[in-house]
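For the sequence shown, my numbering assigns the number 69 to the initial residue and increments by one for each residue that follows. These notes concern the structure reproduced below.
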Amino acid sequence: MIRSYGAQQTCIQEFSHCLDQHTQVYSIMLAMNRWLGMRIECVVSAFVGFLTFSILLTYQNLPISDLSLILAYSFTLVGSVQWIIRLTVDVMMQMTNVERVIEYIDLQPEESPNVKNLRSLPPQWPIGGIVFDNLSFRYSSTSSWVLTNINISIQPNEKIGIVGRTGAGKSSLIQSIFRMAELNGRILIDNVDTQQISLYDLRRHISIIPQNPVLFNDTIRINLDPFGEYSDIEIWNALDEVQLKSDMIDGLQQQVTEGGSNFSVGQRQLICLARALLRKNKILVIDEATANVDHRTDGLIQLAIRRKFVNCTVLTIAHRLRTIIDSDKILVLSHGQVMEFANPYELLCEDQSQFAELVSQTGDREAAHLIQQAKMTARARHS
Numbered sequence: 069m070i071r072s073y074g075a076q077q078t079c080i081q082e083f084s085h086c087l088d089q090h091t092q093v094y095s096i097m098l099a100m101n102r103w104l105g106m107r108i109e110c111v112v113s114a115f116v117g118f119l120t121f122s123i124l125l126t127y128q129n130l131p132i133s134d135l136s137l138i139l140a141y142s143f144t145l146v147g148s149v150q151w152i153i154r155l156t157v158d159v160m161m162q163m164t165n166v167e168r169v170i171e172y173i174d175l176q177p178e179e180s181p182n183v184k185n186l187r188s189l190p191p192q193w194p195i196g197g198i199v200f201d202n203l204s205f206r207y208s209s210t211s212s213w214v215l216t217n218i219n220i221s222i223q224p225n226e227k228i229g230i231v232g233r234t235g236a237g238k239s240s241l242i243q244s245i246f247r248m249a250e251l252n253g254r255i256l257i258d259n260v261d262t263q264q265i266s267l268y269d270l271r272r273h274i275s276i277i278p279q280n281p282v283l284f285n286d287t288i289r290i291n292l293d294p295f296g297e298y299s300d301i302e303i304w305n306a307l308d309e310v311q312l313k314s315d316m317i318d319g320l321q322q323q324v325t326e327g328g329s330n331f332s333v334g335q336r337q338l339i340c341l342a343r344a345l346l347r348k349n350k351i352l353v354i355d356e357a358t359a360n361v362d363h364r365t366d367g368l369i370q371l372a373i374r375r376k377f378v379n380c381t382v383l384t385i386a387h388r389l390r391t392i393i394d395s396d397k398i399l400v401l402s403h404g405q406v407m408e409f410a411n412p413y414e415l416l417c418e419d420q421s422q423f424a425e426l427v428s429q430t431g432d433r434e435a436a437h438l439i440q441q442a443k444m445t446a447r448a449r450h451s
């Protein structure tokens, strides 16, 4: 991958930079150890000298043998004190692990899978409508709100592109849908408050293609269908849709190593896409899934989404604006707040639009292509 993109020199420079940082820190640590050792020796030597003169002045008739024994044991203090202090420092450093374990012990667990819904779900739930009603979201009770006063309504089957700068709250918005942490306000999916249904029922009805694919150390079948809910034919069809069928030399028993390291990044994303195709959920979340893949894999993912998720609500956090320029609406976030939420072409026609500014930053040629594509999509939608 590095050679194919001609990035050898960049990677070498990055490695050298990281190595320099490590060496600097390690050198400082060695210098501090020597600094501490020298001062401990000085303090202990001063103590031994003080002890010697005190004995000579106080006990002038003390036998030489007793004096020698006292001094011999005093000199052993140098090594013992150094060892005790270094051991104390090591214990203090390792206590961070104990603190982390205690923090995990006190961590409030998620609800049990056996928790019942506070209200009954309609038979065809969900259809795909999502309403954020005055939503605020934060990761713990002591942290600040990362999302504040989010009020938007998404219709069933709408395709929503979510954009914003780093730290704008894009991933936090997705995590709020899955109830990954504390939220204030409401998220309604087809008029059902997500806080009134169990996490199991909520999460199993929403598919996600994450930026970093999650794969298990098991067969491809277990990775696609861990609960054994689908037939071999359905799984093969899903693999065929993402053009991975021919890559499964050992069939559905093809082994997946930990983290999917025996597959390329693009193949791992396609496996996650096949998993979403298999689930047939009405809500799909794509968290910058194509940010680290080649253009061919990006095209495969976009084609499969456009063909197979036509009747689904799709929320896409975009790294490449091309992937969301034909969305029904664009959601622009900044500092955890909604700045813009409208059709992409309408936003591009506004002078002070933040989305238009993001498009202009892609370069003249790319920006012209994005504007043209948004215009064509808007015309096709109204024709």
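A virtual CB, placed ideally from N, CA and C, is assigned to each residue, including glycine.
| query | result |
| --- | --- |
| Chain C beta carbons: is any one of them nearer than 8 Å to that of Pro177? | This model lacks chain C altogether; it includes just one protein chain. |
| Can you tell me whether Phe377 is helix, strand or coil according to DSSP? | coil |
| Count Cβ pairs between the segment 378-398 and the segment 224-242 that sit closer than 8 Å; are there 3 or more? | yes |
| Counting only the same chain and skipping the five closest in sequence on each side, list residues whose C-beta sits under 7 Å from that of Glu326. | Asn285 |
| Please specify which runs of the alpha helix (DSSP H), each continuous and at least 4 residues long, are wholly inside the segment 232-309, giving them in chain order. | 238-245, 267-272, 288-292 and 300-309 |
| Taking DSSP's pairing of strands, which residues face Phe200 in a bridge? | Ile220 and Ile255 |
| How is the alpha helix (DSSP H) around Lys443 delimited, first residue to last? | Asp432 to His450 |
| In this structure, how does DSSP classify Val324 when only helix, strand and coil are distinguished? | strand |
| Only counting the same chain, and skipping five residues up and downstream in sequence, which positions put a Cβ closer than 8 Å to that of Phe409? | Ile220, Lys397, Ile398, Leu399 and Val400 |
| Alpha helix (DSSP H) containing Gln337: first to last residue? | Val333 to Arg347 |
| Does the Cβ of Pro177 have 16 or more other Cβ atoms within 10 Å, making it buried, or fewer, making it exposed? | exposed |
| When the Cα of Leu104 is compared with those of Phe83, Gly404, Thr384 and Ile152, which residue comes out closest? | Ile152 |
| With distances taken Cα to Cα, identify the nearest neighbour of Leu256 among Ile351, Leu338 and Ile108. | Ile351 |
| Taking Gly237 and Gly404 to be in contact with their CB atoms under 8 Å, please state how far apart those CB atoms are, rounded to whole angstroms. | 4 Å |
| Measuring only the C-alpha atoms, how far is Gln279 from Arg187? | 33 Å |
| Note down the Cα distance separating His437 from Ile277, rounded to an integer number of angstroms. | 27 Å |
| Kindly indicate which residue of Tyr413, Gln263, Val214 and Asp261 has the alpha-carbon position closest to the one of Ser239. | Val214 |
| Thr120 by DSSP, collapsed to three states: which one? | helix |
| Could you please give the first and the last residue of the uninterrupted alpha helix (DSSP H) stretch that includes Ala410? | Here Ala410 belongs to no alpha helix (DSSP H); instead the beta strand (DSSP E) covers Gln405 to Ala410. |
| Since Ile222 and Thr381 are thought to touch, with beta carbons under 8 Å apart, how far apart are those beta carbons, to the nearest angstrom? | 6 Å |
| Would you list the residues sitting across from Ile385 in a DSSP beta bridge? | Ile230 and Asp355 |
| Can you tell me whether Val400 is helix, strand or coil according to DSSP? | strand |
| Jot down the residue ranges of each uninterrupted alpha helix (DSSP H) in the segment 104-154, minimum 4 residues, whole runs only, in chain order. | none |
| Please state whether DSSP places Leu215 in a helix, a strand or coil. | strand |
| Between Asn379 and Thr210, what straight-line distance do the alpha-carbon atoms span, to the nearest angstrom? | 40 Å |
| On the DSSP letters alone, give me the boundaries of the alpha helix (DSSP H) that Glu425 sits inside. | Gln422 to Ser428 |
| How about Ala372 and Glu309: are their beta carbons less than 8 Å apart? | yes |
| Have a look at the DSSP bridge pairing and note the partners of Phe83. | Its beta-bridge partners do not exist; DSSP assigns none. |
| Since Gln383 and Leu338 are thought to touch, with beta carbons under 8 Å apart, how far apart are those beta carbons, to the nearest angstrom? | Looking at the sequence provided, one finds Leu at residue 383 rather than Gln. 20 Å between Cβ atoms; not a contact. |
| Under 7 Å Cβ to Cβ from Leu281, same chain only, skipping five residues before and after it: list those, please. | In the sequence on display, residue 281 carries Pro and not Leu. Excluding positions up to five away in sequence, the list reads Gly328, Arg336, Gln337, Ile339 and Cys340. |
| Exposed or buried, Leu251, counting other C-beta atoms within 10 Å across all chains shown (16 or more means buried)? | buried |
| Going by beta-carbon coordinates alone, are Ala342 and Leu320 separated by less than 8 Å? | no |
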